[in-house]
Amino acid sequence: MGKYFDMLLEDIRVQEGLRSCMNCGVCTGVCPAAEFYNYDPRQIVNIVLTRDDDEIERLMRSDVIWYCGECMSCRPRCPRGNTPAYVIQGLRTLSQRLGLFVESEKGRQQLAIKRLIGDNILRTGYCIVPRNVVPALHPEQGAVWEWIIDHDKELYGRFTPVYGSDGAGALRKIDDESMQELHRIFEVSGGKDFYATIERHSERKAREMGYDGADDDYMMHTYTTNSEQHY
Amino acid sequence: MKRASWQEYQKDIADDKYYYARSCIRQNFFPGSERAFLDILRGDLGRDVMDDPIHTSCTGIGYHSDVVPLETIMTVVARQFALMGEAGYENFISSCITSFGIYTEILSTWEEFPETEERTREYLYKATGRELVKPRSLAHTSDIVFHFRDEIARKAKRKLVNVYTGRPLRVVEHIGCHYAKIFPKSGIGGSEFPYVLAGMIESWGGEVVDYPERRHCCGFGFRNYLVQANRGYSIANSQKKLESMSPYKPDFIVGNCPGCSMFLDRWQYAIAEMEGTTYGADGQGIPVLTYEEMAGLVLGYDPWELGMQMHQVDVEPLLDKMGVEYDPAAKYLGRDGRYIGKPERAAVNNGCQRAIYDIKL
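Line order of the protein sequences matches chains P and A.
Going by our numbering, the residue at position 148 of the first sequence is 148; the numbering climbs one at a time, nothing skipped.
Going by our numbering, the residue at position 233 of the second sequence is 1233; the numbering climbs one at a time, nothing skipped.
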């Protein structure tokens, strides 16, 4: 009893965001995720406060902890100074460290995020670059985005002299030395190990689900699958 | 809470000598805004801004989608601050609300949990040989524009006024959740009555629209947009805001956060295509501007040099209302002045049948 609770409390965000809850429900009232999903941040806080290992493990294996958008709307409103979104961040981190995230549809999506955003950070030094926002995967970006991507050098060239090249300015290529520093930061601070943990557990789950490992097919499965069981 | 209480939520904003940190999202979707900010600060206001070619992303989108650990983003942020110190600057300004929230949160965390600052210093030194220098001041770039709003007003070539009616333009402002919801005292006006954009609008002749969902999230929700299967969350929350603001008949929306501005623009396109619904006048979309674009128009900048051709919702109806002179053909020119073709037509610009705008309150 309390093993997972103690592990969660090692995360300073949980220390900061978890105090006794008076169950007023304000966090749920203002929560964009609660509007859209069958989601109640008040209940998340209550479950964690039980310190019940079975209940907390059930949370970390479930879709529920992955619904939050981390907008932090809950943070300024709680009369007790709780931040349910910080508790969510702690649960998500622990769920990934323990490999429990692959047991839910929404949790498995972490592989797609790791590859689309995480790997791009180590490839380019940016979270996103224009050509990562592929129109076929982003129909909501509209006709204007297709036009921009089709003419990216012409258009970005109007606003930045260094699109994809050296120098100061928007969308510059980040120099090799800075990229090496970024890689070393990820090594010494645990970022690369965390990426590897996501890959390792995804590989295991992909095989369990009948894929030839965590390949592109599996990643696209996690990126596009919606069972419609979340509302 | 009394409205006047926002006055407690003020902060010292440095007057000059800024170290500028770019934004992944703003440079992707609004590269003209980043250039305009530098042009306005340096050219119109005569301020010193350092545009460092060696800083990286803060990795904030990776952090808030839970693939980049806290210890890692802290060290990346420490490197940005170290670069600022090495360049001889003390006033750190960020062009991104996600980054601004992260910088604010990390500085606060280092104060509250000193062992995390110590560990970060060790990681930074081990990885880069650099020494952490904490900024004397931290501001979002909109705070800087707010700080100079009266000076900009004095230099204004145009006002936020409808030239046909002589009445103030009606403006919806959206400040972005991470500007003030994480640390309310870090934002001008706090999280309940944020004044950073409202102050600009009022100084430049416009009228701020109040509406029920004014403080609701734009719908980004990090993983809820990044993963295709989750985007229903994102569009549904944008739709909630758009449905709420439309009957108040805004002339345009201005965003603090580059992500919010992009989503409120693009989801209008998607809703018009999916449902035939639009939220602006004449069955069209509501133009969505960045605050740099709004300031640039006020100062007489050309809309296509500001990058407004990269919006999905056409801005020409707003330009006409403001009395902005522009060359319609120049919208479609590339860097060498050659015509590069036009985007496909979109329902959001063509006039839809189902418009919320015409509802009488």
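Cβ atoms here follow ideal geometry from the backbone N, Cα and C, with glycine treated the same way.
Everything numeric in this text was worked out from a predicted model, so none of it was measured.
Subject >> Contact list for P/Arg13 against chain A, beta-carbon separation under 9 Å >> reply: Counted from its first residue, the first sequence places residue 13 of chain P at position 13. By Cβ distance, chain A contributes Leu1070, Thr1109.
Original post:
Excluding the five sequence neighbours on either side, which residues of its own chain have a C-beta within less than 8 Å of the C-beta of P/Val133, listed in chain order?
Top reply: Mapped onto the first sequence, residue 133 of chain P falls at position 133. So the qualifying residues of the chain are Gln141, Trp145, Ile149.
Original post:
Comparing the C-beta of P/Gly191 with each C-beta of chain A, is any distance below 8 Å?
Top reply: If you number the first sequence from 1, residue 191 of chain P lands on position 191. Interface with chain A (8 Å Cβ-Cβ cutoff): P/Gly191 is included.
Subject >> Any C-beta of chain A under 8 Å from that of P/Glu146 >> reply: What you label residue 146 of chain P is simply residue 146 of the first sequence in a count that begins at 1. It does; some Cβ of chain A falls within 8 Å.
Original post:
Closer than 8 Å, CB to CB, is A/Leu1226 near chain P or not?
Top reply: For this step, residue 1226 of chain A is matched to residue 226 along the second sequence. Yes - at least one Cβ of chain P is within 8 Å of the one on A/Leu1226.
**OP:** Kindly indicate which three-state DSSP category A/Met1200 falls into: helix, strand or coil?
**Re:** Residue 1200 of chain A sits at position 200 when you count from the first residue of the second sequence. Note: A/Met1200 maps to helix in three-state DSSP.
Original post:
What does a CB cutoff of less than 7 Å around P/Val14 pick up in its chain, not counting 5 residues either side in sequence?
Top reply: The residue given as residue 14 of chain P occupies position 14 in the first sequence. Leu8, Tyr86, Val87, Gly90.
**OP:** Go to P/His151, then tell me how far its alpha helix (DSSP H) extends in each direction, as first and last residue.
**Re:** Working through the first sequence from its first residue, we reach residue 151 of chain P at position 151. Element bounds for P/His151: n/a, residue is neither H nor E.
**OP:** Would you identify the three-state DSSP class for A/Lys1278, choosing helix, strand or coil?
**Re:** Looking up residue 1278 of chain A in the second sequence gives position 278. For the sequence presented, residue 1278 of chain A should be read as Thr rather than Lys. Three-state DSSP puts A/Thr1278 in a strand.
Original post:
How big is the Cα-Cα spacing for A/Lys1017 and P/Gly157?
Top reply: Residue numbering aside, residue 1017 of chain A sits at position 17 when the second sequence is read from its first letter. Residue numbering aside, residue 157 of chain P sits at position 157 when the first sequence is read from its first letter. When rounded, the distance between both Cα atoms is 27 Å.
Subject >> Closest Cα partner of A/Leu1160 within the set A/Cys1352, A/Asn1350, A/Met1322 >> reply: For this step, residue 1160 of chain A is matched to residue 160 along the second sequence. Of A/Cys1352, A/Asn1350, A/Met1322, the residue nearest in Cα terms is A/Met1322.
Original post:
How long is the line joining the alpha carbons of A/Phe1037 and A/Val1145, rounded to whole angstroms?
Top reply: Reading the second sequence from its first residue, position 37 is the one you call residue 1037 of chain A. Reading the second sequence from its first residue, position 145 is the one you call residue 1145 of chain A. Taking the straight line from one Cα to the other gives about 8 Å.
Original post:
If you measure from the beta carbon of A/Met1310 to each beta carbon in chain P, is any gap under 8 Å?
Top reply: Numbered from its first residue, the second sequence carries residue 1310 of chain A at position 310. Yes, its Cβ sits closer than 8 Å to a Cβ of chain P.
**OP:** Specify the secondary structure class of P/Val133 as computed by DSSP and reduced to three states.
**Re:** By 1-based counting over the first sequence, the position of residue 133 of chain P is 133. When secondary structure is reduced to three states using DSSP, P/Val133 falls in the coil class, being assigned neither helix nor strand.
Subject >> Contact with chain P by A/Asp1282, beta-carbon distance below 8 Å >> reply: By one-based count along the second sequence, residue 1282 of chain A stands at place 282. Not one chain P Cβ lies under 8 Å of A/Asp1282.
Subject >> Contact set between the region 1194-1214 of chain A and chain P, restricted to residues whose Cβ is under 9 Å from the partner >> reply: none
Original post:
Less than 8 Å separating the beta-carbons of P/Asn4 and P/Ile65?
Top reply: The residue given as residue 4 of chain P occupies position 4 in the first sequence. The residue given as residue 65 of chain P occupies position 65 in the first sequence. The amino acid at residue 4 of chain P is misidentified as Asn; the sequence shows Tyr. No; because the gap between Cβ atoms is not below 8 Å, this pair is not in contact.
**OP:** Report the option in P/Ile128, P/Gln180, P/Glu208 whose CA atom is closest to the CA atom of A/Val1076.
**Re:** Taking the first residue of the second sequence as 1, we reach residue 1076 of chain A at position 76. Taking only the C-alpha atoms, the option nearest A/Val1076 is P/Gln180.
Original post:
Hey, how far is the Cα of A/Pro1031 from the Cα of P/Asp166?
Top reply: Reading the second sequence from its first residue, position 31 is the one you call residue 1031 of chain A. Reading the first sequence from its first residue, position 166 is the one you call residue 166 of chain P. About 16 Å.
Subject >> Neighbourhood of A/Leu1124 by C-beta distance below 8 Å, restricted to the same chain and skipping five residues each side >> reply: The count along the second sequence starts at 1 and reaches residue 1124 of chain A at position 124. Cβ neighbours of A/Leu1124 beyond the five flanking positions: Thr1075, Ala1078, Arg1079, Ala1082, Arg1130, Glu1131, Leu1132.
**OP:** To the nearest angstrom, report how far apart A/Pro1194 and A/Ala1087 are at their CA atoms.
**Re:** Working through the second sequence from its first residue, we reach residue 1194 of chain A at position 194. Working through the second sequence from its first residue, we reach residue 1087 of chain A at position 87. Straight-line Cα distance between these residues: approximately 32 Å.
Subject >> Selection from P/Val129, P/Tyr195, P/Ala168, P/Met220 that minimises the alpha carbon distance to P/Gly118 >> reply: For the purposes of this step, residue 118 of chain P is identified with residue 118 of the first sequence, where counting begins at 1. That would be P/Tyr195, whose Cα lies nearest to the Cα of P/Gly118.
Original post:
In three-state terms, what does DSSP make of P/Tyr37?
Top reply: For the purposes of this step, residue 37 of chain P is identified with residue 37 of the first sequence, where counting begins at 1. Three-state DSSP puts P/Tyr37 in coil, outside helix and strand.
**OP:** Label P/Pro76 either buried or exposed according to how many other C-beta atoms from any shown protein chain fall within 10 Å of its C-beta, with 16 as the threshold for buried.
**Re:** Here the question's residue 76 of chain P lines up with position 76 in the first sequence. The residue is buried, with at least 16 neighbouring Cβ atoms inside 10 Å.
Original post:
From A/Gly1101 to A/Asn1091, what does the alpha carbon distance come to, in whole angstroms?
Top reply: For this step, residue 1101 of chain A is matched to residue 101 along the second sequence. For this step, residue 1091 of chain A is matched to residue 91 along the second sequence. Looking at the two C-alpha atoms, the distance is approximately 16 Å.
Original post:
Should the region 1012-1029 of chain A be regarded as contacting the region 1271-1289 of chain A, the criterion being three or more beta carbon pairs within less than 8 Å?
Top reply: no
**OP:** Sort A/Gly1190, A/His1055, A/Val1067, A/Ser1094 by Cα distance to A/Thr1128 and report the nearest one.
**Re:** Taking the second sequence and counting its residues from 1, the one referred to as residue 1128 of chain A is at position 128. Cα-wise, what sits closest to A/Thr1128 is A/His1055.
**OP:** Compare the C-alpha of A/His1064 against each of P/Met72, P/Met220, P/Thr50 and name the closest.
**Re:** Along the second sequence, one-based indexing puts residue 1064 of chain A at 64. The candidate whose alpha carbon is nearest that of A/His1064 is P/Met72.
**OP:** Please name the residue in A/Val1049, A/Phe1252, A/Glu1111, A/Glu1112 whose C-alpha comes closest to that of A/Ala1021.
**Re:** Here the question's residue 1021 of chain A lines up with position 21 in the second sequence. Of the listed residues, the one whose Cα sits closest to A/Ala1021 is A/Val1049.
Original post:
What residue from A/Asn1162, A/Ala1153, A/Glu1117, A/Glu1207 has the CA that sits closest to A/Glu1173's CA?
Top reply: Here residue 1173 of chain A refers to the residue found at position 173 when the second sequence is read from its first residue. Per the Cα distances, A/Glu1207.
Original post:
What number of angstroms, rounded off, separates the C-alpha of A/Gln1027 from the C-alpha of P/Leu171?
Top reply: As a working note, residue 1027 of chain A is residue 27 in the second sequence. As a working note, residue 171 of chain P is residue 171 in the first sequence. So the alpha carbons of these two residues sit roughly 6 Å apart.
Subject >> A/Pro1168 - partner residues in DSSP beta bridges >> reply: As a working note, residue 1168 of chain A is residue 168 in the second sequence. Beta-bridge pairing links A/Pro1168 to A/Val1161.
Original post:
Which whole-angstrom value is the C-beta distance of A/Val979 and A/Ile1152, which I expect to be below 8 Å?
Top reply: With chain A running from 1001 to 1361 in the structure shown, residue 979 of chain A is simply not present.
Original post:
Is there at least one Cβ from chain A nearer than 8 Å to P/Gly2's Cβ?
Top reply: Sequence index remark: in the first sequence, residue 2 of chain P carries index 2 (1-based). Not closer than 8 Å to any Cβ of chain A, the Cβ of P/Gly2 fails to qualify, so no.
Original post:
Using a beta-carbon distance below 8 Å, is P/Asp215 in contact with chain A?
Top reply: Here residue 215 of chain P is taken as the residue at index 215 of the first sequence, counted from 1. Not one chain A Cβ lies under 8 Å of P/Asp215.
Original post:
Could you give the uninterrupted runs of the alpha helix (DSSP H) lying entirely in the region 1049-1128 of chain A, keeping only those of 4 residues or more?
Top reply: Taken in chain order, the complete alpha helix (DSSP H) segments of 4 or more residues contained in the region 1049-1128 of chain A are 1060-1064, 1070-1086, 1097-1112, 1114-1128.
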